[in-house]
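Structure first, commentary second.
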Amino acid sequence: MNPSTIFSLLSSNGDSRDVSAQGWIRTKRDSKNIIFFEINDGSCFSSMQVVVDKESGLVSEELNHKLLTGASVTVQGRLVASQGKGQGVELIADEVKLIGESQADYPLQKKRHSFEFLREIAHLRPRTNTFGAVTRVRNALSTAVHAFFQERGFLWIHTPIITGSDAEGAGNMFQVTSLNMDDVPRLKDGKIDYQQDFFGRKSHLTVSGQLQVENFACSMSNVYTFGPTFRAENSNTTRHLSEFWMIEPEMAFCDLDGNMQMAEDFIKYLLSYVLNNCSEDMDFFNKWVQKGTIENLQKVVDSSFTHMSYTEALKILDKADTKWEYKPSWGIDLQAEHEKYLTEEVIGGPVTLTDYPKDIKAFYMKQNDDGKTVRAMDVLVPRLGEIIGGSQREDNLEKLQKRMYEMNMDSSEYDWYLDLRRYGSVPHSGFGLGFERIVQYVTGMQNIRDVIPFPRAPKTISF
Ligand code: 4AD
Ligand code: MG
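In the numbering used here, the protein residues as written are 77 to 539.
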């Protein structure tokens, strides 16, 4: 008999038909006449309760000793309406096959483990309730990302992982090299001879696919990239990873207003998708991880995002009766405490801030006439702060070249990017959504390292 997923079994009626299920034992209760154990296969939050009549002799004493938490089993039996509370159906076993034993020191015994401890056993943590739920919600969100853009006719562009250009100009890139680090080839002046390196020049892991996806927008109109990005920032926070996934749409013939609307529609779509498709997992997060999260997300779906300029936001922060660690003044990059204050105390929901000072933003953003600000937009949300960063792009060749010159950039390396402004330049805009940040937002998980299978952060690369 072909085994069914526990999800499909639990969604059906207990009509005594013969079925087979397989999974890992979560818990076991051994009473005088009956053995109860629960198996989970990851297909849904709930486990299947298996009931074994001891008198039937189908589980020997020896096998019973081996039915330990963590062991893998296949069970054949009859699916019946459950006698107990909490589940609709249960499986009356006719045959129990031990597939893989679990040693007695299995680290996931039935008790609450701290997230810190679970990070040390990241290879086993998907067997816990929380990480099983995170894994399914993460999967649902990536499906929703593609559904949203595909429904709107956007093309998915696979932008490169290894790159010769620094998209954000922030300089926090991981270098990629095949040079022998113990014997690096050098020029006469002592500098490294990158001509002998694999690509014949210095190269890096990408921090963003934007420059390349902009390229495709300037031919294909509406496009997006969704892939891993890498940042060598030494930030040990609950919202930074060194390797994270980013979704970056880019739209030709689109200004900042269109961009803001797209970002808002996108976030609402993602939230609705999860609320409609992951209700069992969301009930768990709502109850055990972040109380009220379902109601909060629904409220976001049902209301409009507040818009505010950076300058207005600074006025509010300046007037705030708060003891700042970092005093706000026009020109600063907003700190977590400022973003928290704006979203939680002032707005009570997401806010889109626009028109930031040009000196704290990347070279490619469209310059405003005031000479001080650029057409940037960040979407901030309660608890997390920045979740989206984007802008209208500078489409004027001379202005872009001038800005690159001011920022000491070597424009010869970006000649291909400047060509987009030479041949049929169009207004275009886009943004980047940090995928792990949206998973955090939706689930209420506190630490970004707990919403990605194997987190990479400073001094963290196990598994
Ligand atoms: O604001 P950022 O740096 O923007 C860009 O990379 C642009 N090229 C996007 C674009 O316009 N196409 O990053 C975008 C988002 C942030 O808002 C944040 O959600 C996430 O990426 N992010 C990180 N997530 C986890 N760990 C990090 N170290 C992150 N850095 C940025
Ligand atoms: Mg940003």
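Cβ coordinates follow ideal geometry from the N, Cα and C atoms, glycine included. Just so it is clear, the structure is predicted and the values come from calculations on it, not from any experiment.
1) How would you call residue 490, buried or exposed, if buried means at least 16 neighbouring beta carbons within 10 angstroms?
2) Consider the C-beta atom of residue 435 and the heavy atoms of the ligand MG; say whether any pair is separated by less than 8 Å.
3) What does the Cβ neighbour count give for residue 311, buried or exposed, with the cut at 16 atoms within 10 Å?
4) Check whether the region 219-232 and the region 142-149 touch, using three or more Cβ-Cβ pairs below 8 Å as the test.
5) Name the two residues that bound the continuous alpha helix (DSSP H) containing residue 222.
6) If you follow the beta strand (DSSP E) that residue 471 is part of, which residue opens it and which one closes it?
7) At 3 residues or longer, what runs of the beta strand (DSSP E) sit wholly inside the region 349-430?
8) Apart from the five residues just before and just after residue 261, which ones in its own chain have a Cβ nearer than 8 Å to its Cβ?
9) Just the Cα atoms here: how many angstroms apart are residue 250 and residue 281?
10) Could you name the residues of the same chain whose beta carbon sits closer than 8 Å to that of residue 529, not counting the 5 residues immediately before and after it, in chain order?
11) Count the other C-beta atoms from every protein chain shown that fall within 10 angstroms of the C-beta of residue 403, then say buried if there are 16 or more, exposed otherwise.
12) Could you give the residue range of the alpha helix (DSSP H) that holds residue 102?
13) So what does residue 296 bridge to, in DSSP terms?
14) Contact between the region 293-312 and the region 426-446 is defined here as three or more beta-carbon pairs at a separation below 8 Å; is this criterion met?
15) Applying the criterion that 16 or more other CB atoms from any shown protein chain within 10 Å of the CB defines a buried residue, is residue 274 buried or exposed?
16) Taking the alpha carbon of residue 533 as the point to measure from, which residue in 520, 320, 391 and 182 has its own alpha carbon closest?
17) Less than 9 Å between the C-beta atoms of residue 286 and residue 508, yes or no?
18) Pop quiz: residue 79 and residue 96 are said to be a contact at Cβ under 8 Å. What is the actual Cβ separation, rounded to whole angstroms?
19) Residue 586: buried (16+ other C-beta within 10 angstroms of its C-beta) or exposed?
20) Given the structure, does residue 326 come close to the ligand MG, in the sense that its CB is under 8 Å from one of the ligand's heavy atoms?
21) The alpha helix (DSSP H) spanning residue 258 covers which residue range?
22) Return yes when at least one heavy atom of the ligand 4AD lies under 8 Å from the C-beta of residue 366, else no.
23) Decide yes or no for the touch test of the region 410-425 against the region 441-453: beta carbon pairs closer than 8 Å, at least 3 of them.
24) Could you work out which residue in 98, 385 and 259 is closest to residue 332 when comparing CA atoms only?
25) Who pairs with residue 116 in a beta bridge, going by DSSP?
26) Quick one: give me the first and last residue of the beta strand (DSSP E) that residue 504 is part of.
27) Within 10 angstroms of the Cβ of residue 263, are there 16 or more other Cβ atoms? Answer buried if so, exposed if not.
28) Pull up the DSSP beta-bridge partners for residue 110, would you.
29) Are there three or more Cβ pairs, one per stretch, closer than 8 Å when the region 496-511 is compared with the region 469-484?
30) One question on the structure: do residue 519 and residue 209 come within less than 9 Å of each other, judged by their Cβ atoms?
31) What would DSSP say about residue 87, mapped onto helix, strand or coil?
32) Should residue 464 be listed as close to the ligand 4AD, given that the test is whether its C-beta is under 8 Å from any heavy atom?
33) Can you give me the C-alpha to C-alpha distance between residue 425 and residue 506, rounded to a whole angstrom?
34) Tell me which residues share the same chain as residue 186 and place their Cβ nearer than 7 Å to its Cβ, disregarding the 5 neighbours each side in the sequence.
35) Check residue 314 in the structure and name its three-state DSSP category.
36) Out of 313, 323, 366 and 291, point me to the one whose CA is closest to residue 302's CA.
In short:
1) It counts as buried.
2) No, the Cβ of residue 435 stays beyond 8 Å of every heavy atom of the ligand MG.
3) Classification of residue 311: exposed, given that the 10 Å Cβ count is below 16.
4) Using a Cβ-Cβ distance cut-off of 8 Å, the region 219-232 and the region 142-149 are not in contact, since fewer than three pairs of beta carbons, one from each stretch, lie closer than that value.
5) Unbroken alpha helix (DSSP H) run through residue 222: 205-227.
6) No beta strand (DSSP E) holds residue 471; DSSP gives it neither H nor E.
7) As summarised for the region 349-430, the continuous beta strand (DSSP E) elements at least 3 residues long and confined to that stretch are 382-385, given in chain order.
8) Correct list, in chain order: 255, 268, 269 and 272.
9) The alpha-carbon atoms of residue 250 and residue 281 are separated by roughly 6 Å.
10) Within the same chain, and ignoring the five residues on either side of residue 529 in sequence, the residues whose Cβ sits closer than 8 Å to its Cβ are 198, 202 and 211.
11) By the neighbour-count criterion, in which a residue is buried when 16 or more other Cβ atoms sit within 10 angstroms of its Cβ, residue 403 is exposed.
12) Element bounds for residue 102: not the alpha helix (DSSP H) but the beta strand (DSSP E), 91-106.
13) Partner(s): none; residue 296 has no beta bridge.
14) The region 293-312, when compared against the region 426-446, does not touch it at the 8 Å Cβ threshold.
15) It is exposed - the Cβ of residue 274 has fewer than 16 other Cβ atoms within 10 Å.
16) For the residues 520, 320, 391 and 182, the minimum Cα distance to residue 533 belongs to 320.
17) Less than 9 Å divides the Cβ of residue 286 from the Cβ of residue 508.
18) Going by Cβ atoms, the distance from residue 79 to residue 96 rounds to 4 Å, so yes, they are a contact pair.
19) The shown model of the chain, from 77 to 539, leaves out residue 586, and the question about it has no answer.
20) Not so, every heavy atom of the ligand MG lies at least 8 Å from the Cβ.
21) Element bounds for residue 258: n/a, residue is neither H nor E.
22) Outside the cutoff, so no.
23) No: the two stretches stay apart, fewer than three of their Cβ pairs being nearer than 8 Å.
24) Out of 98, 385 and 259, the CA that lies nearest to the CA of residue 332 is found in 385.
25) In the DSSP output, where bridge partners are listed per residue, residue 116 has 100.
26) Element bounds for residue 504: 504-510.
27) Note on residue 263: under 16 other CB atoms within 10 angstroms of its CB, so exposed under the neighbour-count rule.
28) According to DSSP, which records beta bridges pairwise, residue 110 is partnered with 129.
29) With a cut-off of 8 Å, the region 469-484 and the region 496-511 count as touching, because enough Cβ pairs lie within range.
30) Here residue 519 is near residue 209, since their CB atoms are less than 9 Å apart.
31) Residue 87: coil per DSSP, three-state reduction.
32) Yes, the Cβ of residue 464 comes within 8 Å of a heavy atom of the ligand 4AD.
33) Taking the CA atoms as reference points, residue 425 sits about 22 Å from residue 506.
34) Only 103 and 145 meet the Cβ criterion.
35) Three-state DSSP puts residue 314 in coil, outside helix and strand.
36) Nearest of 313, 323, 366 and 291 to residue 302, Cα basis: 323.
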